[in-house]
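Numbering (my numbering), first residue to last: 5 to 146. Just so it is clear, CB atoms sit at the ideal spot from N, CA and C, and this is done for glycine as well.
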């Protein structure tokens with residue numbers, strides 16, 4: 005896979021209307037499925053598939069951006085724990101899933117991938133207010 009066939013590079017994933025913020029090396033998006041409220045995807049701005057493809061300074065900045073989003077999600081959602089996932093099996097492009105796990109979590113001991121559920125899709129004013137709340141929190145945290 006290269007830049008032209010990568011869904012992240014071509015702009016077909018994540019959804020543009022789920023955009024939260026440009027953080028420098030990454031762009032933050034609200035994940036389509038909000039069954040786990042606050043689930044955010046942090047997408048590296050250029051095509052790279054492995055952390056070892058990045059310069060050391062990029063890895064440091066990337067982790068700072070992951071940390072910023074996790075800090076914000078922890079505060080906004082009063083998370084008991086934050087899950088961090090960097091897999092890339094289905095989409096080989098560096099992207100982090102940052103998932104707040106809440107007191108109301110239906111399966112606190114399970115990874116989110118194993119929890120059977122109907123997707124919770126946000127749209128319209130609900131999606132917009134969630135994104136604006138996260139944008140404000142990121143601005144305050146910077």
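query	result
With a threshold of 8 angstroms on Cβ separation, who are the neighbours of residue 86 within its own chain once the five nearest residues in sequence on each side are excluded?	74, 77, 78, 102, 103, 104, 105
Tell me whether residue 52 sits in a helix, a strand or coil according to DSSP, three-state version.	coil
Return the Cβ separation of residue 31 and residue 49 in integer angstroms, given the expectation that the two are a contact with Cβ distance under 8 angstroms.	6 angstroms
Select from 82, 10, 36 the residue whose C-alpha is nearest the C-alpha of residue 22.	36
Is the Cβ-Cβ distance between residue 100 and residue 90 less than 8 angstroms?	yes
In three-state terms, what does DSSP make of residue 124?	coil
Starting from residue 1, follow the alpha helix (DSSP H) in both directions and report where the run begins and ends.	No information on residue 1 is available, as it lies outside the stretch 5 to 146 that the chain covers here.
Under DSSP, the beta strand (DSSP E) around residue 105 begins and ends at which residues?	99-105
Cβ atoms of residue 134 and residue 34: under 8 angstroms apart, would you say?	yes
In angstroms, rounded to a whole number, what distance separates the CA positions of residue 142 and residue 72?	8 angstroms
Using beta-carbon positions only, say whether residue 95 and residue 66 come within less than 8 angstroms of one another.	no
My output table needs one value for residue 68: the three-state DSSP class, helix, strand or coil.	helix
So residue 138 packs on residue 70, CB below 8 angstroms; how close in whole Å?	At roughly 15 angstroms, the Cβ-Cβ gap does not stay under 8 angstroms, so residue 138 and residue 70 are not in contact.
Between the Cα of residue 127 and those of 20, 9, 14, spot the shortest distance and give me the residue it belongs to.	20
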